[in-house]
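Q: Residues in the sequence shown are numbered consecutively from 1, following full-length UniProt numbering.
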Amino acid sequence: MRRRLLVALTVFAAIAVLAFAVPLSLTYATSRTQQLVLGRSGDADRFASLADAVATAEGDTAALVEEVTGYHALYGENVLVVDARGATTVNAGIDTADPDVAAAVAAARRNQQPQPAVRLLPWSAATMLIARPVGTGVQVNGAVVIQASTTAARADITRAWTVIVLGAVLAMLVFMLLAVTLSRWVLRPLAALSDAVAELTATLPTPPPGTPDPAAPTSLTRRHGGPPEMRAVAQSFDAMARAVADSAHAQRQLVADTAHAMRNPLAALTIRLDSLEPAVPESAAPTFRKASAEVERLTTLLDGLLTLAVAETPAAFPAEADRDRCDAVQVVADRVDAWHSAFHAAEQTLVAADAMGSTEVAVPADTLAQILDVLLSNANRYAGAGTRTVIAVTAEPDGVTVTVRDDGAGVPAPELDRLTTRFYRGSTAPAGGSGLGLPIAAALAQARGGRLTVAAADPHGLAVSVHLPAAVPA
Numbered sequence: 001m002r003r004r005l006l007v008a009l010t011v012f013a014a015i016a017v018l019a020f021a022v023p024l025s026l027t028y029a030t031s032r033t034q035q036l037v038l039g040r041s042g043d044a045d046r047f048a049s050l051a052d053a054v055a056t057a058e059g060d061t062a063a064l065v066e067e068v069t070g071y072h073a074l075y076g077e078n079v080l081v082v083d084a085r086g087a088t089t090v091n092a093g094i095d096t097a098d099p100d101v102a103a104a105v106a107a108a109r110r111n112q113q114p115q116p117a118v119r120l121l122p123w124s125a126a127t128m129l130i131a132r133p134v135g136t137g138v139q140v141n142g143a144v145v146i147q148a149s150t151t152a153a154r155a156d157i158t159r160a161w162t163v164i165v166l167g168a169v170l171a172m173l174v175f176m177l178l179a180v181t182l183s184r185w186v187l188r189p190l191a192a193l194s195d196a197v198a199e200l201t202a203t204l205p206t207p208p209p210g211t212p213d214p215a216a217p218t219s220l221t222r223r224h225g226g227p228p229e230m231r232a233v234a235q236s237f238d239a240m241a242r243a244v245a246d247s248a249h250a251q252r253q254l255v256a257d258t259a260h261a262m263r264n265p266l267a268a269l270t271i272r273l274d275s276l277e278p279a280v281p282e283s284a285a286p287t288f289r290k291a292s293a294e295v296e297r298l299t300t301l302l303d304g305l306l307t308l309a310v311a312e313t314p315a316a317f318p319a320e321a322d323r324d325r326c327d328a329v330q331v332v333a334d335r336v337d338a339w340h341s342a343f344h345a346a347e348q349t350l351v352a353a354d355a356m357g358s359t360e361v362a363v364p365a366d367t368l369a370q371i372l373d374v375l376l377s378n379a380n381r382y383a384g385a386g387t388r389t390v391i392a393v394t395a396e397p398d399g400v401t402v403t404v405r406d407d408g409a410g411v412p413a414p415e416l417d418r419l420t421t422r423f424y425r426g427s428t429a430p431a432g433g434s435g436l437g438l439p440i441a442a443a444l445a446q447a448r449g450g451r452l453t454v455a456a457a458d459p460h461g462l463a464v465s466v467h468l469p470a471a472v473p474a
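(1) Following the continuous beta strand (DSSP E) through residue 91, name the residue where it begins and the one where it ends.
(2) In angstroms with no decimal places, state the Cα-to-Cα distance between residue 460 and residue 384.
(3) Going by C-alpha to C-alpha distance, which of 293, 128, 420, 162 sits closest to residue 98?
(4) Kindly indicate the opening and closing residues of the beta strand (DSSP E) around residue 378.
(5) Are the segment 372-381 and the segment 398-406 touching, with three or more C-beta to C-beta distances below 8 Å?
(6) For the segment 68-154, list the beta strand (DSSP E) runs that are entirely contained and at least 3 residues long, ordered along the chain.
(7) Which residue marks the beginning of the alpha helix (DSSP H) containing residue 351, and which one marks its end?
(8) Would you kindly work out how many angstroms separate the C-alpha atoms of residue 90 and residue 151, rounded to a whole number?
(9) Using only alpha-carbon positions, find the residue among 281, 237, 468, 326 that is nearest to residue 398.
(10) Please name the residue or residues paired with residue 391 in a DSSP beta bridge.
(11) Using three-state DSSP, classify residue 472 as helix, strand or coil.
(12) Give the single residue among 165, 378, 72 whose Cα lies nearest to the Cα of residue 435.
(13) Could you give the first and the last residue of the continuous beta strand (DSSP E) run that contains residue 335?
(14) Under a Cβ-count criterion, where at least 16 other Cβ atoms within 10 Å of its own Cβ denotes burial, should residue 462 be classed as buried or exposed?
(15) Once the 5 residues before and after residue 65 are set aside, which same chain residues still bring their CB inside 7 Å of it?
(16) From the DSSP output, which residues share a beta bridge with residue 361?
(17) Please determine, among 160, 123, 20, 61, the residue with the shortest C-alpha to C-alpha distance to residue 171.
(18) Measuring only between beta-carbons, confirm whether residue 424 sits less than 8 Å from chain C.
(19) Looking at the secondary structure, which residues open and close the beta strand (DSSP E) in which residue 455 lies?
(20) Suppose you measure from the CA of residue 250 to the CA of residue 257; what does that come to, to the nearest Å?
(21) Can you tell me which of 123, 386, 174, 18 puts its alpha carbon nearest to the alpha carbon of residue 406?
(22) Just mark residue 133 as buried or exposed, buried being the case when its beta carbon has 16 or more other beta carbons within 10 Å.
(23) Any contact of the segment 171-184 with the segment 42-61, i.e. 3+ C-beta pairs under 8 Å?
(24) Could you tell me how far apart the beta carbons of residue 51 and residue 144 are, in whole angstroms, since I believe they sit closer than 8 Å?
(25) Using alpha carbons as the reference points, say which of 85, 81, 86, 104 lies closest to residue 93.
(26) Please name the residue in 29, 391, 199, 293 whose C-alpha comes closest to that of residue 337.
(27) Excluding the five sequence neighbours on either side, which residues of its own chain have a C-beta within less than 6 Å of the C-beta of residue 167, listed in chain order?
(28) Touch check for the segment 326-340 and the segment 409-429: three-plus C-beta pairs under 8 Å?
(29) Output the distance between the C-alpha atoms of residue 87 and residue 136, rounded to the nearest integer angstrom.
(30) Output the distance between the C-alpha atoms of residue 267 and residue 359, rounded to the nearest integer angstrom.
(31) Report the residue from 289, 345, 101, 159 whose alpha carbon sits nearest the alpha carbon of residue 25.
(32) What residues are listed by DSSP as bridge partners for residue 465?
(33) So, are the CB atoms of residue 456 and residue 409 less than 8 Å apart?
(34) Would you mind sorting residue 130 into buried or exposed? The rule is 16 or more other CB atoms within 10 Å of its CB.
Structural data, given as structure tokens:
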């Protein structure tokens with residue numbers, strides 16, 4: 001890519017420089033040619049005036065001869081004056097047998113308009129002919145031809161062109177330096193990105209061979225071409241994407257293996273404890289109950305970890321258009337009915353607020369129910385007796401928000417943002433719990449394109465809101 005970029009910028013720079021240098025060079029050559037022609041044309045007109053005076057018997061031929069020879073001696077340029085019959089009046093160095101001279105004399109005697117002078121170039125002829133008729137437009141009494149030297153004019157043009165060429169070369173060097181700097185500036189982030197992706201890929205775990213992930217991403221390099229630098233970035237991204245997909249696949253496999261490896265021993269341990277309970281002496285009963293509670297806590301913790309791992313795995317939610325939508329109000333009503341007895345037993349009140357507008361969300365009913373179960377379980381466990389918990393469903397332009405608000409003691413403000421952190425439990429929370437409930441609910445909401453936020457309720461208590469995307473009308 002760098003080579004192509006440099007070539008493109010160099011070509012554009014060369015075109016720009018040439019578009020400026022070539023017209024400037026030709027313009028100067030034309031101007032210098034016109035300067036030479038105008039100067040020699042003035043001299044030719046002066047000689048023609050003297051020759052006309054001689055032809056009309058008002059002048060002296062000797063004066064004309066003296067003027068022409070003096071001009072030839074001073075400037076080194078040849079001059080020819082002929083009369084009306086074409087006979088030579090004065091000749092200061094011009095070869096009259098030269099066809100170009102003869103043609104110039106004939107054209108001047110016919111009083112033809114002189115042709116535009118050909119633009120001088122450094123390699124043009126050493127001389128050029130300037131011809132003028134003698135007399136007026138009615139009566140032509142001869143012709144004057146000056147064989148002007150172009151040496152000085154061509155030297156000036158050569159010097160000017162040299163300066164222009166040097167300026168163009170300097171401009172090209174500046175353009176190339178800018179092009180190199182620009183290409184490095186453009187490509188440096190790509191190289192840094194490719195290196196960073198490679199370093200990140202190297203830190204990812206490598207799954208064992210022979211366990212391909214069916215959900216692995218399609219390679220970019222097989223679908224896209226482009227410059228080498230872009231292909232290198234695409235290859236690094238492919239390697240990282242494959243490593244991430246393999247790592248996620250290995251994580252899911254580890255979760256499945258852990259479930260099989262730990263559930264059975266815990267279940268067996270629970271059964272053994274249950275069978276041992278009748279034989280436990282009264283003195284060891286407190287210790288036995290603590291052991292049973294620890295087993296239950298480990299089981300709950302394991303279930304929470306498995307649920308959280310599944311919630312954080314996008315592949316665990318296959319797209320099924322018919323099932324990926326539900327009425328949030330209906331789900332809320334079902335969960336209020338299911339949790340009514342638990343809240344009543346805890347001397348708490350649970351109600352659902354009236355909803356307005358369309359409350360259909362792009363989330364399966366069981367997923368929303370699972371999220372609500374986490375929020376209601378927290379409210380039931382931590383709000384305290386005599387509290388009131390309200391579930392409100394609010395339709396918004398970009399989705400639907402379900403809020404579970406209680407008027408309990410709440411959580412200190414500095415701890416609100418940490419409640420969705422794994423294993424974090426508030427400083428005022430009673431014993432029990434794993435600290436995985438809200439992280440699971442947040443992961444489930446995020447997996448479906450939503451978000452979970454925790455805030456303090458007014459005047460006291462806790463408000464947990466879940467914003468979910470609205471279902472697309474069928």
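Using N, Cα and C, we set each Cβ at its ideal position, and we do this for glycine too.
A: The structure says:
(1) Taking the sequence shown and counting its residues from 1, one reaches residue 91 at position 91. That run of the beta strand (DSSP E) goes 88-92.
(2) Residue 460 sits at position 460 when you count from the first residue of the sequence shown. Residue 384 sits at position 384 when you count from the first residue of the sequence shown. If I take the Cα positions, the gap works out to 13 Å.
(3) Here residue 98 refers to the residue found at position 98 of the sequence shown. Ranking 293, 128, 420, 162 by Cα distance to residue 98 puts 128 first.
(4) Locating residue 378 in the sequence shown gives position 378, where the first residue counts as 1. Per DSSP, residue 378 belongs to no beta strand (DSSP E); it is in the alpha helix (DSSP H), 365-382.
(5) Short answer: they touch.
(6) Those beta strand (DSSP E) runs which fall completely within the segment 68-154 and span 3+ residues are 78-83, 88-92, 127-135, 140-149.
(7) Start at 1 with the first residue of the sequence shown, and residue 351 comes out as number 351. Here residue 351 belongs to no alpha helix (DSSP H); instead the beta strand (DSSP E) covers 349-352.
(8) On the sequence shown, residue 90 is found 90 positions in, with the first residue counted as 1. On the sequence shown, residue 151 is found 151 positions in, with the first residue counted as 1. Spanning the two alpha carbons is a distance of roughly 24 Å.
(9) Position 398 of the sequence shown, counted from the first residue, corresponds to residue 398. Here the closest residue by C-alpha is 468.
(10) Sequence index remark: in the sequence shown, residue 391 carries index 391 (1-based). Paired residue(s): 352, 404.
(11) What you label residue 472 is simply residue 472 of the sequence shown in a count that begins at 1. For residue 472, the secondary structure class from DSSP, reduced to helix, strand or coil, is coil.
(12) The sequence position of residue 435 within the sequence shown is 435, counting from 1. For the residues 165, 378, 72, the minimum Cα distance to residue 435 belongs to 378.
(13) Against the sequence shown, residue 335 aligns to sequence position 335. Per DSSP, residue 335 belongs to no beta strand (DSSP E); it is in the alpha helix (DSSP H), 328-345.
(14) In the sequence shown, counting from the first residue as 1, residue 462 sits at position 462. Its Cβ being crowded by 16 or more others within 10 Å, residue 462 is buried.
(15) Position 65 of the sequence shown, counted from the start, is the residue given in the question as residue 65. Hits under 7 Å: 90.
(16) What you label residue 361 is simply residue 361 of the sequence shown in a count that begins at 1. 326, 470.
(17) Here residue 171 is taken as the residue at index 171 of the sequence shown, counted from 1. Out of 160, 123, 20, 61, 20 has the C-alpha closest to the C-alpha of residue 171.
(18) Given the protein chain composition of this structure (a single chain), no chain C is represented.
(19) Locating residue 455 in the sequence shown gives position 455, where the first residue counts as 1. Run containing residue 455: 451-456, per the beta strand (DSSP E) assignment.
(20) In the sequence shown, the residue the question calls residue 250 occupies position 250. In the sequence shown, the residue the question calls residue 257 occupies position 257. Going by the C-alpha atoms only, they are around 10 Å apart.
(21) The count along the sequence shown starts at 1 and reaches residue 406 at position 406. Checked all of 123, 386, 174, 18; the closest Cα to residue 406 is 386.
(22) Reading the sequence shown from its first residue, position 133 is the one you call residue 133. When all chains shown are included, residue 133 counts as buried.
(23) no
(24) To locate residue 51, count along the sequence shown from 1; it is residue 51. To locate residue 144, count along the sequence shown from 1; it is residue 144. About 6 Å; that satisfies the 8 Å criterion.
(25) On the sequence shown, position 93 is the one that residue 93 refers to. Residue nearest to residue 93 within the set 85, 81, 86, 104 is 81 (criterion: CA-CA distance).
(26) Position 337 of the sequence shown, counting from 1, holds the residue named residue 337. Of the candidates 29, 391, 199, 293, the one whose C-alpha sits nearest the C-alpha of residue 337 is 391.
(27) Within the sequence shown, residue 167 is the residue found at index 167, counting from 1. Closer than 6 Å at the Cβ level, and outside the excluded window around residue 167, lies no residue.
(28) no
(29) Sequence index remark: in the sequence shown, residue 87 carries index 87 (1-based). Sequence index remark: in the sequence shown, residue 136 carries index 136 (1-based). Cα to Cα, residue 87 sits roughly 19 Å from residue 136.
(30) One-based indexing of the sequence shown puts residue 267 at position 267. One-based indexing of the sequence shown puts residue 359 at position 359. So the two alpha carbons sit approximately 41 Å from each other.
(31) Looking up residue 25 in the sequence shown gives position 25. Here the closest residue by C-alpha is 159.
(32) Residue mapping note: residue 465 aligns to position 465 of the sequence shown, counting from 1. Partner residues in the beta bridge of residue 465, as assigned by DSSP, are 403, 453.
(33) The residue labelled residue 456 in the question sits at position 456 within the sequence shown. The residue labelled residue 409 in the question sits at position 409 within the sequence shown. In this structure, residue 409 does not lie closer than 8 Å to residue 456 by Cβ.
(34) Counting from 1 along the sequence shown, the entry for residue 130 is found at position 130. The residue is buried, with at least 16 neighbouring Cβ atoms inside 10 Å.
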